[in-house]
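Taken in order, the sequence shown gives residues 1309 to 1950; the numbers are from our numbering. By construction, the Cβ of each residue, glycine as well, lies at the ideal position given by its N, Cα and C atoms.
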Amino acid sequence: ESKYSDVLGVPKFADSVSKTQGYTYRYYPDSGIYLALYGDQVYGIGGALGEDLISVGTIENFVAKSVTDISNIKFTSRAATCSYFVAKNVAVVKDLSNDNFLAAKLDVRVAADGTCKFLSNSLPNHDVGGIGINFVVPVLAQPSRYKVSASPKQAAVVSALSPTRTDAIFLNGAPLKSLEPTCFSSSEENILCTDADQSWRYDPRSSAANITLDAHLGHTDGTGLYHYHGGPAALFDQFPGTDSPVIGFAADGFPIYGSYFTDTSGTLRSAKSSYSLKPGSRPAGIDEPGKSYDGTFVDDYEYIAGSGDLDECNGMTLAGQYGYFVTNAYPWVVGCLMGTPNDSFYKTLDKVSLPQTRMSNYSSYDTKELLSAAVVVSEHARDRKRDIKVFVWPVGSASREATSEDREYMAFTPHFVTMSDAKIENLLAEMLNWIDTSCPNMNSSARAEESIRLRYLLENGGDAATLAVPCYSAGMGLVAATSESDFSTLKYIVAHETYHGIQQDLEIEACRDRREANEPNNSRWLAEGTADYVAKSVLEKMDGDPSLEQRILKDAYLDYQAGETQMSTRQGSAALLLMVKRGDLDERIILDGSMFWKCETLDVYNDNNPIISNAKSSWFMIDEDTSTSPVTYKFNGDALTR
C-alpha cells in the first residue's frame, strides 16, 4: 500500500494537470490539496482534507453560475468552445403581435460526457412578432434540452440538413431550423414534406414562399415553437469594429459566428456565401414549378467552390478554428453540418420539463420590470418543480381596521378598492383559471373555498404580499400594489414572494411537519431572511446603488436602533450576510434555496451549529459612518471575529 503523495507526486509545473487510474487531477501547492475529476464527480485528498480520498461534489458545484438578464443584449465573446458559455440566462420580452410578455430562460451546463447541455424554453432574448404579423400559433415556451460537443471534430462526410432536425441553438436559447417542411405541388397550394430529399422545398427567406417571418427572421411552427430561419441581427453588432462574436453552436458542436471577419488583406468585412442561383429555368410539368431560378426554392441554388469565402456548409477555418458564419445570402447560416450532429437535435428527442414563471399585471407599473424580478429569482433555484404565476393589482390607501371577518378570509389590511367590478371579475377569472389548469385534481370544495377567499381579498382591497400554494405543482404570488408603494418596493415584494415559491419547492412535507411540531426553531427567520437577501440582490442588479450589502446593513441597523431585535426578515438577512462575510456560508446556497433542501433548516442550521448561534448574537454589530455621503454601514470588528 502506497501513500497518496508517492502515487501522485508533485507536478513539476504549477497549474499542470495529470492523470492516473481514470482520474484527472491537479495539485494546489498553497493548500497541499489535490483535486481530482472522475466522470462528473470531484474528489479531494491531502492538506486539510486528510489522507483519505473524499467526494467534494460534482463539476456543477464548482462552477458558480449567477443568473444574468440578457434581454436585448448583443454577444461579444469569440470563445469557440461551448463550455465557455456556462451560465444561467434569463430575459423578459414581448410578443408584439398580442402584447403578451414572455419569460425566456437558458441554462448551459458542462456534462461529464464531454458535452454542454443547453436547457432552454426556446424563447429568445428580444421581442418577437409585430403589428400585423400573424404567426400560425402564438409564441409559446417549448422546453428542450440540446447537447453540444465541447470538442467537435470534422466528419469524413458532411451531414445534409434535415427538416426533422434542429440545426443549431443560439446563445439566447432559441433554435435555428434552416429548412421549412413545405414543398411545391401542382395539385395543392403546397404540401407537407418531411423527407430531406424531397424536391422543390420552399426557402422560407423568399418572399414568394408566403411564409411570415418577423424582423428577427423567426416565426412559430404548429406547436408555438419560435425558431429562426437565419442569423438574427439582434445578437451581434451590425457595424462592428472587430470580428463578429460567437452567437450560437450548430448541432455538430462547431460555433456560429456573426457576419464579419478580417480577411488576409486585413480588411474587416462580411463573409460571402459560395452559393449562387442556377442559370436558366426550372423543369416544368407535374409537381415541377417551372419559371426561372429566382430563390423561391432551396433547389434554386448551387454551390460553386471558391466563388465566396465559405465552404458548402457555409463555414471556414480562421486561425485554426472552424466555424459557420451568418450571411446575407443563401444558405443564410448553415448549408450542411461539417461534423456529426448530436441526437438531441432531432425533433422527437430529449424534451425536458422546465417550470415556468408568469405574471398577470393589472397595475400601472411596468410588467417587464416586475416579471424580470420574478424570473431572475426563480432561475436561481437549485431544483424547481413548481410553475409560478404572480398576480399584481392596484389598491388605494388603507380604508379601515381589519375585522374578525377580514381575518377569517385574509391576513391583510383592507384598502380602498380602485379596480372596477369588471376588472375584479377578470382578475378573479384569471386566478381561478390558473388554479384549474395547474391543479386538475383539486377537489371541488377546496376550489370553492379558494374562490371565496380570493374574491374577498379583491373586493375588500387586501394589501396582499404572499405566495399561495393551491396545490404542490403550482404557486400563486398575490401582490397588491398599494398607493403608498413605490416601484422599487413593488419589485422587492415580487422577488421576495417568488423566492418563497422556491423554498416551498425544495421542502418536503415531512420537513414541514417536523418544523411545525418543533417550534421555536430557526426555519421562519431563515425563510424570511433568505427571501429578503435574494430580493435585495435582485434590486441591486436592476436598480444599481445602493449595493446589496448596504441595503441589508442599513435596514438591520435602523431596526436594531428602533428596538426590533427579534429574529425575523431584516435581522435574518443581516445574520446571513455576516456568515457570508466571515466565510462561514457560501452565498450560492442562499441564492439557490439550498438551505431548504430536505430538512437542513432543522438538522444543519439549528442552534447547535456555532456558526448560526454566533450570527444570531452578532448580526446587530453594525457601525454607521455619517462622514460619508451617502451614509454607509459596515459590520464592526467584533462581528467579523470568529
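Judged by pairs of C-beta atoms under 8 Å, the stretch 1382–1396 does not touch the stretch 1638–1653, as fewer than three such pairs exist. Sequence-distant partners of L1662 (beyond 5 residues in either direction) whose C-beta falls short of 7 Å from its own C-beta, in its chain, are K1413, L1427, N1429 and P1451. Separation of V1465 and P1649 (C-alpha to C-alpha, rounded to the nearest whole angstrom) is 12 Å. Residues of the same chain with a CB within less than 6 Å of the CB of S1584, apart from the 5 flanking positions on each side, are I1612 in chain order. According to the DSSP assignment, L1861 belongs to the alpha helix (DSSP H) that extends over L1856 to Q1869. With respect to the C-alpha of R1666, the residue from K1655, F1943, E1687 and F1633 having the closest C-alpha is E1687. M1718 and A1772 have their C-alpha atoms spaced approximately 8 Å apart. With distances taken between CA atoms, E1857 lies nearest to M1887 out of N1830, V1683, I1743 and M1887. Secondary-structure assignment with DSSP links A1558 through a beta bridge to A1476. Here V1703 is not near A1803, since their CB atoms are 7 Å or more apart. By the Cβ neighbour-count rule, Y1630 is buried, with 16 or more other Cβ atoms within 10 Å of its own. If you draw a straight line from the Cα of G1647 to the Cα of Y1780, it comes to about 44 Å.
When DSSP states are grouped into helix, strand and coil, E1827 belongs to the coil group.
Where V1888 is concerned, the enclosing alpha helix (DSSP H) starts and stops at T1877 to K1889.
When only Cα atoms are considered, E1359 and S1680 end up about 47 Å apart. By the Cβ-count criterion, I1743 is buried, with 16 or more other Cβ atoms from all chains shown falling within 10 Å of its own Cβ. Note that the C-beta distance between Y1601 and D1595 is not below 7 Å. With respect to S1881, I1860 sits close: the two C-beta atoms are nearer than 7 Å.
V1683 carries a helical assignment under DSSP once its states are collapsed to helix, strand and coil. Only exposed fits G1588, as fewer than 16 other CB atoms lie within 10 angstroms of its CB. Counted as a single uninterrupted DSSP element, the beta strand (DSSP E) harbouring M1667 occupies residues T1665 to N1669. Ranked by Cα distance from G1437, the first of L1525, G1809 and E1488 is L1525.
The DSSP assignment places complete alpha helix (DSSP H) segments of no fewer than 4 residues inside the stretch 1768–1814 at 1795–1814, in order along the chain.
For V1642, the closest alpha carbon among the candidates K1580, D1348, A1682 and C1390 is that of K1580. The stretch 1904–1914 and the stretch 1829–1837 touch, with three or more beta-carbon pairs separated by less than 8 Å. Counted as a single uninterrupted DSSP element, the beta strand (DSSP E) harbouring A1344 occupies residues I1341 to Y1346. For T1490, the pairing in a beta bridge is given by DSSP as L1500.
Counting along the chain, the unbroken alpha helix (DSSP H) around E1713 starts and ends at S1712 to Y1717. With distances taken between CA atoms, D1348 lies nearest to Y1331 out of D1931, F1557, W1508 and Y1331. Between the stretch 1869–1879 and the stretch 1805–1820, the count of Cβ pairs shorter than 8 Å is below three; the stretches do not touch. Beta-bridge annotation (DSSP): F1605 is paired with Y1510.
Rounded to whole angstroms, the gap between the alpha carbons of A1399 and R1690 is 19 Å. Within the stretch 1572–1626, complete alpha helix (DSSP H) segments of at least 4 residues are not found at all. Around W1508, the same chain offers C1491, F1492, P1597, F1605 and D1607 as residues with beta carbons nearer than 7 Å, after the five sequence neighbours per side are excluded. Cα atoms of V1394 and L1766: separation of roughly 43 Å, rounded to the nearest angstrom.
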